[in-house]
Amino acid sequence: MDGLDSAQLRTLAAVVSEGSFDAAARLLHVTPSAVSQRIKALEETVGQVLVRRARPCVATDAGRPLLRLAGQLTLLEREALADARGPLAGGGRVRVAVVVNADSLATWFPAALARLPQEAGLSFDLRQDDQDHTAELLRDGSVTAAVTAQREAVQGCRVLRLGAMRYRALATPEFASSHFAGGLTASALAVTPLIVFDRKDRMQHRFIRAVAGRPLDPPVHYVPSVPAISEALRLGLGWSLVPEQIAEADLAAGRCVDLVPGRHLDVPLHWQHWRLESDVLNALTAAVRAVAAESLR
Numbered sequence: 001m002d003g004l005d006s007a008q009l010r011t012l013a014a015v016v017s018e019g020s021f022d023a024a025a026r027l028l029h030v031t032p033s034a035v036s037q038r039i040k041a042l043e044e045t046v047g048q049v050l051v052r053r054a055r056p057c058v059a060t061d062a063g064r065p066l067l068r069l070a071g072q073l074t075l076l077e078r079e080a081l082a083d084a085r086g087p088l089a090g091g092g093r094v095r096v097a098v099v100v101n102a103d104s105l106a107t108w109f110p111a112a113l114a115r116l117p118q119e120a121g122l123s124f125d126l127r128q129d130d131q132d133h134t135a136e137l138l139r140d141g142s143v144t145a146a147v148t149a150q151r152e153a154v155q156g157c158r159v160l161r162l163g164a165m166r167y168r169a170l171a172t173p174e175f176a177s178s179h180f181a182g183g184l185t186a187s188a189l190a191v192t193p194l195i196v197f198d199r200k201d202r203m204q205h206r207f208i209r210a211v212a213g214r215p216l217d218p219p220v221h222y223v224p225s226v227p228a229i230s231e232a233l234r235l236g237l238g239w240s241l242v243p244e245q246i247a248e249a250d251l252a253a254g255r256c257v258d259l260v261p262g263r264h265l266d267v268p269l270h271w272q273h274w275r276l277e278s279d280v281l282n283a284l285t286a287a288v289r290a291v292a293a294e295s296l297r
């Protein structure tokens, strides 16, 4: 088999990241026909279909290893070029794609990015997904690193434990007295509205099972925004588990109460990244670990 062409690999990465051949062509400053020819040539070299032509385009199982390779080569090439040119020559910025769960994005994770020196010339492509699913993007090569609940290393990656996000069950005082006058009993939990981020978010249901001793199926409001969940809580639309860092302000102000004082849910988080000797990844990992040590349990 012939060697892999770096331009074709970059084109594959552009098609998947941008979602279409036309968008990839705009990013690469070539024609859509050139993009199509490069992908076809790469598929002929490998002997497999690498891109599922859909909306958006996605990598096939055969394309995922090549997508990961394309990202790794791009990162290493940019670092090598920057080193060769020297600090006075400038050079392009290095873009790093990272997937993070919504609660980390809303609390501690941005501080880790802020700790990286501005002269490092980094641009971040942050993706958001549930912590139980973030490793999937790492596995298919779409991102360089992930904050994930998965402690087993994805193939080709390193994994480090960060700590745990602590969640507390909150509602307004009025909501609590109306719906949980007798406490968080199974009968009350089964009929009381619950606020959940999205359909991937099963944290609240795990908490309900732990408290009630059995799974329940309460009515659910899906609110896919961390600030909007807090607002929905304050407006009395339901109850929810809230990251401790966010819960503290509402508890101190009396806007919300802890429904089960002394009881909480801890969600362990891990940092997974490609197993590369990369200055960028090393600096990012150090910053993430430092901020996580200050912010997580």
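Under full-length UniProt numbering, think of the first position of the sequence shown as 1, with each following residue one higher.
The C-beta atom is built at its ideal place from N, Cα and C for all residues, glycine as well.
Note that this is a predicted model, so its numbers are computed, not measured.
As assigned by DSSP and simplified to three states, the class of residue i
i, result
"GLN150", "coil"
"GLY236", "coil"
"ARG10", "helix"
"LEU50", "coil"
"GLN131", "coil"
"PRO268", "strand"
"ASP5", "coil"
"ASP258", "strand"
"ALA62", "coil"
"VAL226", "helix"
"PRO243", "strand"
"ALA97", "strand"
"VAL16", "helix"
"ALA181", "coil"
"LEU116", "coil"
"ALA89", "Note that ALA89 scores 45 on pLDDT, short of 50, meaning its location in the model is unreliable; the coordinates nonetheless yield the value given after this. Three-state result, ALA89: coil."
"VAL220", "strand"
Run of the alpha helix (DSSP H) containing residue i, from where it starts to where it stops
i, result
"LEU189", "186-191"
"VAL280", "279-295"
"LEU28", "21-28"
"VAL211", "203-212"
"LEU105", "102-106"
Continuous beta strand (DSSP E) stretch holding residue i: start and end
i, result
"ASP125", "122-128"
"ARG166", "157-171"
"VAL196", "194-196"
Cβ-based burial, residue i [other Cβ within 10 Å; buried from 16]
i, result
"HIS273", "buried"
"GLY213", "exposed"
"GLU277", "exposed"
"GLN204", "buried"
"PRO87", "Summary for PRO87: the model assigns pLDDT 47, below 50, so the residue's position carries little reliability; its value from the coordinates is reported in the next sentence. Exposed, because fewer than 16 other Cβ atoms sit within 10 Å of the Cβ of PRO87."
"GLN72", "buried"
"ASN101", "buried"
"GLN8", "buried"
"VAL191", "exposed"
"residue 339", "The structure shown does not extend to residue 339, since the chain spans only 1 to 297, so no value can be given for it."
"GLY47", "exposed"
"ALA89", "Legend: pLDDT at ALA89 = 45, less than 50; position of this residue unreliable, no value from coordinates given."
"ARG38", "buried"
"ARG199", "exposed"
"MET1", "Below a pLDDT of 50, predicted positions are generally treated as unreliable, and MET1, at 44, falls in that range; the measurement from the model is reported next regardless. Looking at its Cβ environment, which holds fewer than 16 other Cβ atoms inside 10 Å, MET1 is exposed."
Whether residue i touches residue j by CB criterion (8 Å)
i, j, result
"LEU4", "ALA14", "no"
"HIS270", "LEU162", "yes"
"LEU105", "GLN128", "yes"
"LEU184", "LEU233", "no"
"SER142", "ALA97", "yes"
"ARG166", "ARG297", "yes"
"VAL242", "TYR222", "no"
"LEU42", "ALA287", "no"
"PRO56", "SER6", "no"
"VAL211", "LEU189", "yes"
"ALA153", "VAL147", "no"
"THR31", "ALA24", "no"
"ALA70", "LEU12", "yes"
"GLU79", "ASP266", "no"
"LEU50", "ALA62", "yes"
"ALA59", "ASP140", "yes"
"VAL99", "LEU122", "no"
"SER230", "ASP217", "no"
"GLY156", "ARG275", "yes"
"LEU237", "ALA176", "no"
"ALA164", "LEU284", "no"
"SER295", "THR107", "yes"
"PRO149", "VAL291", "Reading off the sequence, residue 149 comes out as Ala, not Pro. It is not a contact, given that the beta carbons lie outside the stated cut-off."
Distance cut-off 7 Å: residue i Cβ against heavy atoms of the ligand NAD
i, result
"GLY19", "The model on display carries no ligand, and the ligand NAD is accordingly not part of it."
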